[in-house]
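In terms of our numbering, the sequence shown is residues 1 to 156.
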Amino acid sequence: MSDTIDSRLTALGITLPEAAAPAANYVPYVISGNLLYLSGQLPMEAGKIAVTGLVGADVDLASAQRAAELCAINILAQAKSALSGDLSRIVRVIKLNGFVASGAGFTDQHLVINGASNLIANVLGEAGKHARAAVGMAALPLNAAVEIDAILEIRL
């Protein structure tokens with residue numbers, strides 16, 4: 001399955017970055033039993049936040065969906081780090097929790113988080129189909145437009 005995941009990433013033109021280090025007093029992931037809990041990932045690209053501001057005010061829907069895709073890429077990077085480089089240990093993505101910094105009246109958070117859901121499903125196939133939440137927030141850390149955390153079932 002690892003070859004399949006790698007080939008899907010290549011086909012999508014995605015190179016996973018190095019997993020981001022925590023920016024405060026927390027760990028990037030916790031493994032408890034056969035569950036991998038990943039801390040919230042921001043839309044980081046080339047070492048900086050790629051999409052900032054409030055969606056619906058400063059950020060359009062397409063840019064917000066791209067931010068969600070970047071969060072998903074960083075989720076995969078953190079998972080790869082947590083799993084000693086072996087993404088084939090992912091049995092199932094159980095849940096994504098998506099947070100969208102939303103301008104007044106913006107109600108399409110679900111469409112924003114589709115960017116992450118689609119990418120995860122395209123890369124992981126059936127194992128990438130997940131439950132999720134898409135929630136509007138007044139603001140997110142570092143003025144990020146989107147933040148997403150994840151819970152994955154893994155093979156030990």
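All C-beta atoms, glycine included, are put in the ideal place defined by N, C-alpha and C.
A64 places its beta carbon 7 Å or farther from that of N97. K95 is bridged by DSSP to A131 and I151.
Put simply, of A19, S39 and L12 the residue whose alpha carbon is nearest the alpha carbon of N25 is S39. Apart from sequence neighbours up to five positions away, the residues of its chain that approach A144 with a beta-carbon distance below 8 Å are L42, P43, I49, V51, T52, A67 and A101, ordered along the chain. By DSSP's assignment, V100 forms a beta bridge with G136 and V146.
For G56, there is no enclosing beta strand (DSSP E), since its DSSP letter is neither H nor E. The criterion of a C-beta distance shorter than 7 Å is satisfied by K129 and A121.
The C-alpha of V30 lies about 5 Å from the C-alpha of Y37.
Apart from the 5 residues on each side of it in sequence, G136 sits with its Cβ closer than 7 Å to the Cβ of V100, S102, F106 and Q109 in its chain, given in chain order. Excluding five sequence positions before and after A104, the CB atoms of its chain that fall closer than 8 Å to its own CB belong to G56 and A57, given in chain order. DSSP places V30 inside the beta strand (DSSP E), whose first and last residues are Y29 to S32.
Its chain contains L83, I154 and R155 as the residues whose beta carbon lies nearer than 7 Å to that of R89, once the 5 sequence neighbours on both sides are disregarded; these appear in chain order. In this structure, the CA atom of V27 is about 11 Å from the CA atom of Q78.
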